[in-house]
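These protein sequence lines map, in sequence, to chains A and B.
Sequential numbering from 1 applies to the first sequence in our numbering.
Sequential numbering from 1001 applies to the second sequence in our numbering.
Cβ atoms here follow ideal geometry from the backbone N, Cα and C, with glycine treated the same way.
As structure tokens, the structure follows; a few thoughts come after it.
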Amino acid sequence: MDSLELLWGGLEAAFTPTNLMYAAIGVFLGTFVGVLPGIGPAMAVALLLPVTNGMEPTQAFIMFAGIYYGGMYGGSTTSILLNTPGESASVMTAIEGNKMAKNGRAAQALATAAIGSFVAGTIGTMCVVFFAPAMAEVAVKVGAPSYFAMMLLAVVLVTSVLGSSKLRGFIGLFLGLTIGLVGLDLSTGQPRLDFGNDLLAGRIDVVVVAVGIFALGEALWVAAHLRSRPLTIIPVGQPFMGREDWARSWKPWLRGTALGFPFGAVPAGGAETPTFLSYLLERRLAKNKDEFGHGAIEGVAGPEAANNASAAGTFVPLLALGLPVTATATIMLAAMQGFGIQPGPQLMESEPDLVWTLLASLLIGNTLLLVLNLPLAPLWAKLLQTPRPYLYSGILFFASLGAYTVNQQPFDLFLLLLFGLLGFAIRRFGIPVLPLILGVILGPLMEVKLREALALSDGAVSGLFNEPLAVIIYVIIALALFVPIVLQRVRGEPDTPTREREKAMEDR
Amino acid sequence: MSVSHEAEPGADQAVDPGVDPGADRAQYGMAALLLILGAYTIYDATTLKVGFADPVGPRVFPYVIGVVMIALGILLGLATARGDRGEPEEGEDVDLTARPDMVTVLKLVGILVFNIATIEFLGWAITGAILFAGCAWALGSRTLLRDIVIGVLLSVGSWYFFYSGLDIPLSPGILDGIL
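Now the structure itself:
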């Protein structure tokens, strides 16, 4: 019960009026930005990163915890009230949620999403409290070869398991790895890919890359395809649930949590698969199957809980291993690096105050989210009516502001534009964003560990395989890469979540 | 899976069925970009010196990345020739059925370039306002005066927020001493 004591310490540290204020501001800002159409949690965190520039790391992370959960919740509000989901994790929530809203049950849909998020987020965070230290304890003893293998596993799984085209996944990954190369080589101090430019040799700030790819790229992409007539928004009153809604919601919440957390915690992360599985499970278990597709509350409660539990689950690899598995977690990792904190297995020992205050603030942020958002829902719904020219000009304005505040260099704005155009191109060609941003962050870390491992073995490649754990991980990587291909050959038709999800979408 | 409904045959293949769109020509450009990036990465790595105590050195990683980039570029080129196309990203405000409006994108890029060129001289309080109002105009807003007022409020407000709240002085430009 060591973890509980540490968590209690974290709660005590987080429960100062100042820190609570930061948590509340974070939740408010996160929801505000997350509700705006076209802004997912990853972009919300990237855009709000510069605000924490002048802060202490602890306060900054308390605010981040709020922004993170706020952004997630904001995203699901958008997908329930508008017919189109903004990101893959809310696709399943949108199917039944929007149908419920159209039947005049928007208030119940928002309520089951909010309370489900709270239940899942709280249980999920408690699981992080118990799993992360145990995992870190094992991970500290892991050497460079196994650590390299783990990072390789994370990038390979994210690249090849998620998304519909492996080729495009790997293109995204290697574009990211190339961006990660730019700047001084970490061990010999020689500049790479700097085009003779001193500012590039000093390495590109991750904030600039993230804001460029997520915010600028998205704004330019939407600008090229802006709907001539905006989607209809369903008006909403105070969210509430009747007795029957509670009775129908609590089991899906728990089942969704149980599905979501493990998927978030393993490096094959992402909320896409668990939300989809949760939807299928609820449809199968439903007493009245015909209601599915016409606004069944279980279909909102389950996937939304799965979504939030998996978001909590991503903190296990992030805190215990320094491995991010979602776009949002990647930006959190970048933020840690920005504060001079090196994430990795040592993090829990070297920065215990930070880690435990962060975990405590996740719990606080989650509670604040519920308290703030149930009464504020009608206000959030109004935000959806923001005129689109203002919305996207605002994104471009704050993206430029954010990139400029990093070093006050106009050159960073030029890089921002360059990454914005790259972000536009990858959206145009269907290249996924997650492998790219993961490549930018993990590329340099992988190189360090690879060189560390090979320096120990004097350059012999066998140095990569001299730990049993590393060998096991390479076997898993090989299986992850080749089993789907073999299955596809045997069965003929690939039966991936993406394909299934498309089918489910067509049922609407 | 038994629970999944039957999908229409071919319904999950293309955005508009019935029309054979042919090869996505622009995708050759993306493939070419990958080839160029890969080749340059390899060239750049050859200019690096390898240290003594470092058996791997700074070259190996860029070599691997460069080679794979070239391979991916070739694969994307081949896939494009076979008619393979990516699924463009969807979103709340994205309408993929209409032709992309590149004029708007070019206007926005122009405004962003103007901001880069003038931010040090004019200062963020001015260029930020122009950035907001200009982008709103490019995106179809026709209430210029209101857009400028909002832009000025945002840029001056953000300047003071960073200056007094976070101790980060953004470029004051020609308004130095006035702000």
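Inset, instruction - Could you pull the start and end residues of the alpha helix (DSSP H) that SER164 of chain A belongs to? - result: Neither: SER164 of chain A is in no alpha helix (DSSP H) and is coded neither H nor E.
Legend entry - C-alpha gap between LEU193 of chain A and GLY1123 of chain B, whole angstroms: 31 angstroms
Legend entry - Interface residues of the segment 185 to 203 of chain A facing chain B [CB-CB below 8 angstroms]: ASP185, SER187, THR188, GLN190, ARG192 and LEU193
Inset, instruction - Give, in chain order, every residue of the segment 21 to 52 of chain A whose Cβ lies closer than 7 angstroms to some Cβ of chain B. - result: PRO37 and GLY38
Legend entry - Residues of its chain near PRO444 of chain A, where Cβ-Cβ distance is below 6 angstroms and the 5 sequence neighbours each way are ignored: GLY180
Inset, instruction - Determine whether the Cβ of ARG451 of chain A lies closer than 8 angstroms to any Cβ atom of chain B. - result: yes
Inset, instruction - Could you tell me the distance, in whole angstroms, from the CA atom of LEU1108 of chain B to the CA atom of SER1155 of chain B? - result: 18 angstroms
Legend entry - Own chain, CB closer than 7 angstroms to ALA42 of chain A, minus 5 neighbours either side, in chain order: PHE214, ALA327, THR328 and ILE331
Legend entry - C-alpha distance - ALA23 of chain A paired with ALA309 of chain A, whole-angstrom precision: 20 angstroms
Legend entry - is_contact[GLN408 of chain A, chain B] using C-beta, thresh 8 angstroms: yes
Legend entry - Where GLY75 of chain A sits in the DSSP three-state scheme: helix
Inset, instruction - Identify whether GLY183 of chain A lies in helix, strand or coil by the three-state DSSP scheme. - result: strand
Legend entry - Cut-off 7 angstroms between Cβ atoms - residues of its own chain near TYR1063 of chain B, not counting five sequence neighbours on either side: ILE1042 and ALA1045
Legend entry - Distance, ASP185 of chain A Cα to ALA201 of chain A Cα: 9 angstroms
Legend entry - LEU157 of chain A to MET151 of chain A span [Cα, whole Å]: 10 angstroms
Inset, instruction - Might you give, ordered along the chain, the residues of its own chain that have their beta carbon closer than 6 angstroms to the beta carbon of PHE398 of chain A, omitting 5 neighbours on each side? - result: LEU47
Inset, instruction - With 8 angstroms as the threshold, decide whether the Cβ of VAL1105 of chain B is near any Cβ in chain A. - result: yes
Inset, instruction - Report the neighbours of SER164 of chain A on chain B: residues whose CB is nearer than 7 angstroms to its CB, in chain order. - result: GLU1087
Legend entry - Residues sharing a beta bridge with PRO41 of chain A, DSSP: Partner(s): none; PRO41 of chain A has no beta bridge.
Inset, instruction - Reducing DSSP to helix, strand and coil, say where LEU450 of chain A ends up. - result: helix
Legend entry - Simplified DSSP assignment, three categories, for PRO387 of chain A: coil
Legend entry - Assigned secondary structure, ARG1099 of chain B (DSSP; H/G/I helix, E/B strand, else coil): coil
Inset, instruction - With a threshold of 7 angstroms, establish whether the CB of ALA1023 of chain B neighbours any heavy atom of the ligand ZN. - result: With respect to small molecules bound, the structure shown includes none, and the ligand ZN cannot be examined in it.
Legend entry - 8 angstroms Cβ cutoff met for PHE315 of chain A and VAL128 of chain A: yes
Inset, instruction - Go through its chain and collect everything with a Cβ distance to ASP495 of chain A's Cβ below 6 angstroms, but skip five positions before and after it. - result: At ASP495 of chain A the pLDDT is 47, less than 50, meaning the model places this residue with poor confidence; the figure from the coordinates comes in the next sentence. So no residue of the chain qualifies.
Legend entry - Against chain B: residues of the segment 261 to 288 of chain A by CB proximity under 7 angstroms: LEU280, ARG283 and ARG284
Inset, instruction - Please list the residues of the segment 222 to 241 of chain A that have a C-beta atom closer than 8 angstroms to any C-beta atom in chain B, keeping them in chain order. - result: VAL222, ALA223, ALA224, HIS225, LEU226, ARG227, SER228, PRO230 and LEU231
Inset, instruction - Could you tell me which chain A residues have their CB closer than 7 angstroms to the CB of ALA1136 of chain B, listed as they occur along the chain? - result: PRO389, TYR390 and SER393
Inset, instruction - Determine the chain A residues that contact ASP1176 of chain B at a beta-carbon separation under 9 angstroms, and present them in chain order. - result: Chain A residues near ASP1176 of chain B: none, gap ~14 angstroms exceeds 9 angstroms.
Inset, instruction - Measure from the C-beta of PHE429 of chain A to each C-beta in chain B and report whether the shortest distance is under 8 angstroms. - result: yes
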